[in-house]
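Q: One structure, pasted below without further comment.
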């Protein structure tokens, strides 16, 4: 069976102990361990036991016995006392779990010698102390014996073993050593023989020789010196020989005796064995305790000082405090294993025994046979265990309330922790500390571990609870044989006295049952198994041994028989005669029982004990007064401690004692008579209670016990006086009975009668109770309080109830004041009814009704006529409520309640006031419906909401709804004023005074939250969109069209930071600089370059040295490897490096596009036309100003009429390096310097091309939409065809001449179409004010295309149209195109009133303004047929498209699409890149509303001038 384990720390019972609450949960994991007895086992050894012993009585407990243990003990006390002990078997299934922590629980065991003579090792300990003192007197100091097998040598066992085989004083030979080793059960090795020989020769032999009588006589004859210091009597009786006068050891005198004293030398300076500090080179220090030892004094000696760490035996084996009585420190598992090893060893000694399938009889016989063999050829068996250890110092196996307050097992009555504290236990009735009796004691033992014959010195009962393990066999003697057994022990073991028996609760001796039977005793045997109890009666000697590894806990208890039978008094008398201290005071227990007033102690025997105690105390005081008539007697104060013991008998003096001043001592009154020097001057008498107080206490106690009879006589007298006695007299008698704790039948009957009378009186009081006139505060309006006050009559009782209760009072068998009060109330009620009926004969007004109702409330009862008065009063109150009506304060619910109250009050419906109230209610409902209908619309009219607000001022409406309407109007007015202010500020001529875009954004966000949409909000939104379009234009300049709006400001900050370093005017031309981490390099002529110590900047980024640096072999300028995107691996492979300044073919990595300075200047110039201030304005100004200043700085060099010479090449490289490092493009200067450097220092075979823009070199990354599609393809949600394969034709790169392209684009730009007679480029240059633009601004209607009939595909991609596709028709050729193929989305389509396709735009000479994104690239039929189809189409017009949204007026550009461009369009299509078709987008949304995934500029090379110019369109 597995028992649940509770882990906790149970260290001490003191207040300083750490308390930890644990819960049941772990398992006790020791294998093959029993935790419960076998309730169905028939073999309980009831008969045929060894030695013919009889088995003790066993009692099976039932469920009722488990709830009250003391009741069971009292009922079976006679049986327990007669047999000496009985065994208790709990019900099946009852078990208290073990709470020992198997891993943490560790205990110090006590050694035990399985010997008939003595079980413990007290003699061994005394012998070791004598031997140690003997050698210390001669200068040999040691604290522990030598070690054999990791255990100290027991000197006494070694001496006894040697004395068996040789005479004392003779030397040891190999034969004797062999016999000694076998006797001591040691391993026969050379080291063991050497240690035994040295122990005997060095320690035992000198002591035994010096202690022999012949040696003492010789020494006394030769001694001529006298000892200076006299020894005490205790030392003279000691067998330790006296110290020689020539000994160098000093002596000191303490309390008249001489003791040895070592020289005052610090530890580590002298040898611990010889006590000398000679030969320091041979002294060895312990690395653990730093004690010093001569190498020759060690046992065994060392020849040299060891090089490694060395530890003495005290540190190595932890035996610095050696005590042969103590064993090892064990854990449960290790002690169980050791028990099994010892049992196997015993089996090897007795080969005839079989260790398997042994019965309890076999183990019992084996135990006694092993005990008999202890006197044969083997040494006594050494055992270890834990015997009767207080659980206040170690853990307990039982759960306690302190550690487990929430567990049911902690409150179990049979839990030994709770048993001493049960109410019937007499340990609770003592003023002394009885922790030695109330604390449980834990015992754990291995096989054959024995508990010697013992009994309780205070004659208390003892309860053992077997917790787990094997059987423990107990032998018990009846209490009437205890005296004879004590005499037998004293005679058998003369070395022990009766004081030893009582002081140690027994003797450590073993008496076999056979010896007891032979001497006329009648022992019984009881086998205690797990989960069983053993109850031992007082004065019963018992002895037990473990048949295997097991554990049990014990605790003392005391029933009333402890005092009733005189057990405590007799045991204290015995201890007093032997002068053995006792922890209990007999007088304190008696007085505590008397003061407790416990019904269990209300008996005549306690009166007799108390009176005898008072008589003895009075006699002792009288005798003292006779001996010392003038002695002073003082009463003790409460602060005097209770534990005052007599100096003679060692017993506590509780009631009184005598105190002597010189010398100061306390003596009880019984021993005072024996004192010779008893006089009044030096002695004083102290007492706690005098005889008179004790007598009064005895009288009260007697009256308490004998009071029930007196109380019964008083009750009979009261009942015989009157047939209906007063109830208060009966209550007084009941109170007296409860104070006296009477339980007589008369008391029970009177208590029931009084309880019934009280319940009837409670009903009378409830009937007579009048509700309080004070009412709780109500949050209702004042006009409804009066109505509720008079309409609520639930607090008034019916008068019929009063008369019914009055009728039942006649049958009551008592009288009381409540009955008289009820009669008076009935009389008053009848008188009030007569006055109420008389009032109906005259006119009634409001005051009269109120007065009558108030009078009825005071009486607390209602009558039928009162309802008429109440109805009249309610109607009067309703009229007052109507007159006090105010529309501004009254809500619709108040109006509805007014109507409801009027109907309930009986107001007719045709009453004018009622008609008016209902009309007001109808108007309020109409108003609410209008408000809800208005608020439910998406766009609320401000004027209509204002009219509803004004209308509500004269109605009783819902105040919350009215507040909501007012709040909406106030917020709308506030936002309207704010927007008007912003629009007014936007027309300021000074741009710095115009509002910021953040203010506008905040105002628009506030306007979106309102359900009211005003024209000012629409106007502000249009103006805000203009600013956003300017920001998008700035993003496109840097190639970040798809990035968020916030990216422009962030990128401008980055550009400003980069340009401040690269275009800095403080950076002046000079010779090449060397990095600080590199030695100076020689130039081409062998001269060292100039190296500045600080402020050195490098690279085209013009920043200090950072990371890996690379030197150009041409210009000797150093560059950051990070700026060139070059790794260390690449640098190791390249031996030489040419920078991008010297060789234009070397590409400079760029993260983003670099716009032209002219474009940025134009962007900054257009800021003045914006209605609001963008956040990026200031940063843009700094960037433009710095670049303009830098351009002016280079004017002299760039426009030099004499050209660039070789002397100016470093200067040109310097400025070109700064321009290449900038984040903006200076087109003319860059092309000029690149051409001139190629002319002066040609490196490339061809001159550099003319550049017009600077694109990013980063590879295109998939957009968010593309990543979603790729993820769905990878997860299998979309087919692989969603990603179109690349076309091989697009792998070819265009390499047309840039100048030719520029010429073509220039010629096309001259043919740019005009809109309304004005060129688009000219229209873009108009300086129209923002206010005029806002006046002409109109929102286009959304495009709504209905697919009537599915046509053949005519789009650029060549795909069929799907019903889910978004498409648009050309107004000229009526062809149909996908939104995404022609670069449109919903927003653009809504703003375009007439759409012209790219084919028609090409034929008309115009430029298509949006980027083409064909799904599968340009269809060949459309590419080849661009010109043909347009030529034959008569619908072509001069105007390709019309915009009604001003933000697209600038969409046209100055470049056109020529026929040559159309032929090259196939090469720059999207075929090279990933393509996602329209059908793929069906689960994710409409393709027309999604952002473009890839553009044509992603597939073009930066060297393809045509592609770059086309993508700019």
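Residue numbers (my numbering): -10 to 1502. Heads up, the beta-carbon is just placed ideally off N, CA and C, and yes, glycines get one too. Being a predicted model, the structure only gives us computed values, none of them experimental.
(1) Nearest by alpha-carbon distance to residue 1118: which of 1097, 1181, 1102 is it?
(2) Can you check whether the CB of residue 288 is closer than 7 Å to the CB of residue 135?
(3) Under 8 Å: do the stretch 91 to 103 and the stretch 164 to 172 share three or more Cβ pairs, one atom per stretch?
(4) Just to check my reading of the structure: residue 1104 and residue 1202 have Cβ atoms closer than 8 Å, yes? What is that Cβ distance to the nearest angstrom?
(5) Using the beta-carbon count (16 or more within 10 Å), is residue 528 buried or exposed?
(6) Would you decide whether residue 389 is buried or exposed? Buried here means 16 or more other CB atoms lie within 10 Å of its CB.
(7) For residue 76, tell me which candidate among 524, 646, 870 has the shortest Cα-Cα distance.
(8) Relative to the C-alpha of residue 858, which residue among 848, 843, 849 is closest?
(9) Mind reading off the beta-carbon distance from residue 632 to residue 569? Whole number of angstroms is fine, and I expect it under 8 Å.
(10) Does the beta-carbon of residue 790 have 16 or more other beta-carbons within 10 angstroms, so that it is buried, or is it exposed?
(11) Under DSSP, the alpha helix (DSSP H) around residue 1217 begins and ends at which residues?
(12) Where does residue 353 land, buried or exposed, given buried means 16+ other C-beta within 10 angstroms?
(13) Going residue by residue through the stretch 536 to 616, where are the continuous alpha helix (DSSP H) segments of at least 4 residues, counting only ones entirely within it?
(14) Go ahead and pull the three-state DSSP assignment for residue 465.
(15) Would you mind giving the Cβ-Cβ distance between residue 848 and residue 818, rounded to the nearest angstrom? I have them listed as a contact below 8 Å.
(16) Go through its chain and collect everything with a Cβ distance to residue 109's Cβ below 6 Å, but skip five positions before and after it.
(17) Check whether the Cβ atoms of residue 530 and residue 502 lie closer than 7 Å to each other.
(18) On a CA-only basis, which of 332, 482, 453, 412 is nearest residue 107? Give me that one, please.
(19) Since residue 273 is in the beta strand (DSSP E), which residue starts that stretch and which ends it?
(20) With DSSP collapsed to three states, give me the class of residue 25.
(21) Give me the Cβ distance between residue 967 and residue 992, rounded to the nearest whole Å; I'm assuming they're in contact under 8 Å.
(22) Apply the 10 Å Cβ neighbour rule to residue 727 and answer buried if 16 or more other Cβ atoms are within range, or exposed otherwise.
(23) Helix, strand or coil for residue 278? Go by DSSP, reduced to three states.
(24) Since residue 516 and residue 462 are thought to touch, with beta carbons under 8 Å apart, how far apart are those beta carbons, to the nearest angstrom?
(25) To which residues of the same chain is residue 1316 closer than 6 Å at the C-beta, ignoring the five residues directly before and after it?
(26) Give me the residue from 519, 38, 1000, 793 with the minimum Cα distance to residue 927.
(27) Whose CA, out of 891, 424, 1225, lies closest to the CA of residue 868?
(28) Should the stretch 911 to 930 be called in touch with the stretch 939 to 959, which here means at least 3 C-beta pairs below 8 Å?
(29) In this structure, how does DSSP classify residue 1042 when only helix, strand and coil are distinguished?
(30) How would you write the range of the beta strand (DSSP E) that residue 371 sits in, first residue to last?
(31) Residue 1081 by DSSP, collapsed to three states: which one?
(32) With contact counted as at least three CB pairs below 8 Å, one residue from each stretch, are the stretch 72 to 86 and the stretch 551 to 566 in contact?
(33) Would you be able to state if there are at least three C-beta pairs under 8 Å between the stretch 1150 to 1164 and the stretch 1182 to 1198?
(34) If you run the structure through DSSP and keep just helix, strand and coil, what is residue 67?
(35) In angstroms, rounded to a whole number, what distance separates the CA positions of residue 458 and residue 519?
(36) When the distance is taken between beta carbons, is residue 44 closer than 7 Å to residue 514?
A: With the given structure in hand:
(1) 1097
(2) yes
(3) no
(4) 5 Å
(5) buried
(6) buried
(7) 524
(8) 843
(9) With a Cβ gap of about 16 Å, residue 632 and residue 569 do not count as contacting.
(10) exposed
(11) 1216 to 1229
(12) buried
(13) 550 to 553, 556 to 566, 575 to 585, 593 to 616
(14) strand
(15) 6 Å
(16) 497
(17) no
(18) 482
(19) 272 to 274
(20) coil
(21) 5 Å
(22) exposed
(23) coil
(24) 5 Å
(25) No answer about residue 1316 holds up, because its pLDDT of 35 lies below 50 and its placement is not dependable.
(26) 1000
(27) 891
(28) yes
(29) helix
(30) 370 to 379
(31) Bear in mind that a pLDDT of 45 at residue 1081, under 50, signals an unreliable position, so the model cannot answer this.
(32) no
(33) no
(34) helix
(35) 6 Å
(36) yes
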